[in-house]
Amino acid sequence: MPTLQIILGAAFDGFPEVGASGDNRRMTEIRQEIGPDTPAAEPVAAVVRFDTLALDDKLLRAVADSGYTQMTPIQAKAIPIVLDGRDVMGAAQTGTGKTAAFTLPLLQKMLKHENSSASPARHPVRALVLAPTRELADQVANNVKTYAKHSKLRSMVVFGGIDMKPQTAELKTGVEVLIATPGRLLDHIEAKNCNLGQVEYVVLDEADRMLDIGFLPDLQRILSYLPKQRQTLLFSATFSPEIKRLAESYLQNPILVEVARPNATATNVEQRFFSVATDDKRAVVLKLIKERALTQALVFVNSKLGCARLARSFERDGLRTNALHGDKSQDERLKALEAFKRGEVDVLVCTDVAARGLDIADLPAVFNFDVPFNAEDYVHRIGRTGRAGASGLAVTLVSRDDTRLVADIEKLIKKKIDLEPIELNEERVRREPRPERSRPDADDFPQAAADAETEPTAVPARAPRLPQRSAGAGAYKASLDPFFDRPYEPSPSAATRGNAGAGSGASTGSDALPAWDSLSVSTAASSRGLSPNIKPKRRVAALFGEKVTAEQSD
645 MPTLQIILGA AFDGFPEVGA SGDNRRMTEI RQEIGPDTPA AEPVAAVVRF DTLALDDKLL
705 RAVADSGYTQ MTPIQAKAIP IVLDGRDVMG AAQTGTGKTA AFTLPLLQKM LKHENSSASP
765 ARHPVRALVL APTRELADQV ANNVKTYAKH SKLRSMVVFG GIDMKPQTAE LKTGVEVLIA
825 TPGRLLDHIE AKNCNLGQVE YVVLDEADRM LDIGFLPDLQ RILSYLPKQR QTLLFSATFS
885 PEIKRLAESY LQNPILVEVA RPNATATNVE QRFFSVATDD KRAVVLKLIK ERALTQALVF
945 VNSKLGCARL ARSFERDGLR TNALHGDKSQ DERLKALEAF KRGEVDVLVC TDVAARGLDI
1005 ADLPAVFNFD VPFNAEDYVH RIGRTGRAGA SGLAVTLVSR DDTRLVADIE KLIKKKIDLE
1065 PIELNEERVR REPRPERSRP DADDFPQAAA DAETEPTAVP ARAPRLPQRS AGAGAYKASL
1125 DPFFDRPYEP SPSAATRGNA GAGSGASTGS DALPAWDSLS VSTAASSRGL SPNIKPKRRV
1185 AALFGEKVTA EQSD
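Every position in the sequence shown, counted from 1, becomes a number in the working numbering once 644 is added.
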């Protein structure tokens, strides 16, 4: 019990009361034992080095190969508890190494099952890690493989958007650690590609999103396939009271491990909020990138369509840009993310699929082009920068319609937000207005007007009538060819036919018919004249050799 008091005393110090709202009964009892008047536990020397933990040399060597020697606070508190076999709810700021906090102790506990047998039966699934997004699942899988590279434990990842056949073939060979997204895991379960009957450890990474209403039905189905006796771990940067109460229904006497105030943002991230008109947001992003000499930046938006449009706009501004959203195929999403990590892309415009868990080394800045609808997503978005102790910049562009969303963020992070004005240069990045359309006057083409006066015509030349329109959006555009602005002039052949019709005595002077009318009258006057293209009818008897008279044929 003393050890538990030290851990929970640090975890509950400064947090809201737990017992009043019917939260975890176990944690309530511990809170009452400690009590508000109980003297605080004396500071205990924290375990800061990995080699002081009860970890196998294979794991310590893999950690050293990754360049880590000291543990973060969440790792120092969570790893010993997980090794003891307790259920854990771990909450810590973004970028503090929560993945290693559950990966290392689970691998340590599964080393007793490692073997070199080729039989799939010797490699059942013993640890299941569920992640809300494909990118996060792939990143967790890479970390697991890194820490287990010196052991014989097998691991793999399954997620949607790609063909199931390669995943099925690998599952048939047997794996000890399975990292998956809920939808694709259910597909494999229904296809009987994997058996979860021997799972001993379950991890919900980004647990608040996993317990969200969108994932909860799938999560409940998956948990129904698992044994009742198991160790369950929940890790996230944000835990609302409702999510905590819901999580307790899946845990057995859990221990809450918190190393900072709940829903706290990273302290090494500079947070700026600018009051900007919607049409000026892109200009503000370009201005800040130039002024701060930012080499790379993540730009978050709320919609897939807006993500694609904004990426194309940044491309026209001369930035190497790519888009990352749910409508892209999984291969395109992975390629875009890898190109950004390699530095081949300056700006990655993305939706909230990239807001959780992604670890991008030395990312200098994050822009919230749109204020997120959920305040928790703000904490995760800005957590993509300032990771592993580095500094970062988080800029949020607030328009007039975002007042309520900003108030929700203030309530979550418990910090007053000050909106700052920002000045833009005169040359704002806006869409160029369409040029005015106007028809030219006769003075614009003096040569054409002179030709119209000098050329002989059968009809008196008239000055072109120009519609009187205002020089607005509906005005006419100047013609490129003056020929189309000249009045009608009958051709010489038409004039000749008109004169011939007048000489025939039909009419003279102004009563003369045009050439096309005179032709129609003469054609109508002919008696039953047929077109040469129409053959006269023949009687049926003529087809059999009977002679037909002219009267009969008529």
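Cβ atoms here follow ideal geometry from the backbone N, Cα and C, with glycine treated the same way.
Remember, predicted model here, so these are calculated numbers, not experimental data.
Can you tell me which of the three DSSP states Asp1125 falls into?
Reduced to three states, the DSSP call for Asp1125 is coil.
My assumption, with CB atoms under 8 Å, is that Ile1053 sits in contact with Ile1066. Please give the rounded CB distance.
The C-beta distance from Ile1053 to Ile1066 rounds to 19 Å, too long to meet the 8 Å contact threshold.
For Lys925, which residues in the same chain have their Cβ closer than 7 Å to its Cβ, ignoring the five residues on either side in sequence?
Close CB contacts of Lys925 within its chain, under the 7 Å cut and outside five residues either way in sequence, are with Phe1013, Leu1041 (chain order).
If we call anything under 7 Å between Cβ atoms a contact, is Ser760 one with Lys789?
No.
So what does Met733 bridge to, in DSSP terms?
Answer is Leu878, Leu900, bridged to Met733.
For His832 and Val801, the rounded distance between their alpha carbons:
Straight-line measurement puts the Cα of His832 at about 12 Å from the Cα of Val801.
DSSP three-state label for Asn786, please.
In this structure, Asn786 counts as helix in the three-state DSSP scheme.
Residues in the same chain with beta-carbon distance under 6 Å from Gly1030, minus the five sequence neighbours each way, listed in chain order, please.
Closer than 6 Å at the Cβ level, and outside the excluded window around Gly1030, lie Ala910, Asn912, Val913, Gly1036.
Using the Cβ count rule (16 or more neighbours within 10 Å means buried), how would you classify Glu1064?
Exposed, since its Cβ has fewer than 16 Cβ neighbours within 10 Å.
Taking Cβ positions, are Gly741 and Gln719 nearer each other than 7 Å?
Taking a C-beta distance under 7 Å as the contact criterion, Gly741 and Gln719 qualify as a contact pair.
Can you give me the start and stop residues for the alpha helix (DSSP H) that Ile823 sits inside?
Not the alpha helix (DSSP H): Ile823 falls in the beta strand (DSSP E), residues 821 to 824.
Contact check, Val997 vs Ala967, beta carbons under 7 Å
The answer is no: Cβ separation not under 7 Å.
Taking Arg766 as the reference, give the member of Lys756, Ala736, Val773, Leu774 with the closest Cα.
In terms of CA proximity to Arg766, Lys756 leads the group Lys756, Ala736, Val773, Leu774.
I'd like the span of the alpha helix (DSSP H) that includes Phe958, first residue to last.
First-last of the alpha helix (DSSP H) with Phe958: 948 to 960.
For Ser973, collect the residues of the same chain with a Cβ closer than 7 Å to its Cβ; drop the 5 residues on either side in sequence, then sort them by chain order.
Closer than 7 Å at the Cβ level, and outside the excluded window around Ser973, lie Gly805.
Helix or strand or just coil, what does DSSP make of Arg693?
Of the three classes helix, strand and coil, the one that applies to Arg693 here is strand, per DSSP.
Counting only the same chain and skipping the five closest in sequence on each side, list residues whose C-beta sits under 7 Å from that of Val819.
So the qualifying residues of the chain are His767, Val769, Arg798, Ser799, Met800.
Please list, in chain order, all residues of the same chain as Pro764 whose beta carbon is under 7 Å from its beta carbon, the five residues on each side excluded.
If we look at Pro764 and ignore the five residues flanking it on each side, its Cβ neighbours are Lys816, Thr817, Gly818.
Under 7 Å, do Asp856 and Pro826 count as touching if we go by C-beta distance?
Their beta carbons are not under 7 Å apart, which means Asp856 does not touch Pro826 by this criterion.
For the segment 774 to 789 against the segment 725 to 737, are there 3 or more C-beta pairs whose distance is under 8 Å?
Proximity of the segment 774 to 789 to the segment 725 to 737 falls short of the contact definition, fewer than three beta-carbon pairs being nearer than 8 Å.
Measure the Cβ-Cβ separation of Phe883 and Ala735 and say whether it is below 7 Å.
Contact: yes.
Quick check: the segment 832 to 852 against the segment 703 to 712, are at least 3 beta-carbon pairs closer than 8 Å?
Under the 8 Å Cβ criterion, the segment 703 to 712 does not count as touching the segment 832 to 852, having fewer than three qualifying pairs.
Phe917 (DSSP reduced to helix, strand or coil):
The three-state secondary structure of Phe917, taken from DSSP, is strand.
From the DSSP output, in three-state form, read off Leu1163 for me.
Model confidence at Leu1163 stands at a pLDDT of 49, short of 50, so the residue's coordinates are unreliable; what they give is reported in the following sentence. Assignment of Leu1163 by DSSP, reduced to helix, strand and coil, places it in the helix class.
Using the C-alpha atoms, what's the distance from Lys979 back to Glu779?
For Glu779 and Lys979, the gap between their C-alpha atoms comes out near 11 Å.
One or two residues paired with Phe944 in a DSSP bridge:
Cys994, Asn1012.
On the DSSP letters alone, give me the boundaries of the beta strand (DSSP E) that Leu774 sits inside.
Note, Leu774: beta strand (DSSP E), 771 to 774.
Once the 5 residues before and after Thr922 are set aside, which same chain residues still bring their CB inside 7 Å of it?
Hits under 7 Å: Ser1043.
Can the beta-carbon of His1024 be found closer than 7 Å to that of Ala999?
For His1024 and Ala999, yes; Cβs fall inside 7 Å.
Give me, in chain order, the residues of the same chain whose beta-carbon lies closer than 7 Å to that of Glu814; leave out the 5 immediate sequence neighbours on both sides.
Within the same chain, Glu814 has close Cβ partners Met800.
Span of the alpha helix (DSSP H), counted from its first residue to its last, around Asp975
Start and end: 974 to 985.
Got a sec, what are the start and stop residues for the beta strand (DSSP E) Asp849 sits in?
Taken as a continuous stretch (DSSP letters only), the beta strand (DSSP E) holding Asp849 covers 845 to 849.
Which partner residues does Thr965 have in the DSSP bridge list?
Answer by DSSP bridge pairing, in chain order: Val991.
Expressed to the nearest angstrom, what Euclidean distance is found between the alpha-carbon atoms of Glu1133 and Phe1127?
Distance between Glu1133 and Phe1127, taken at the CA atoms: about 11 Å.
Helix, strand or coil for Glu1064 per DSSP?
The answer is strand: DSSP assigns Glu1064 an E or B state.
Using three-state DSSP, classify Thr812 as helix, strand or coil.
In this structure, Thr812 counts as helix in the three-state DSSP scheme.
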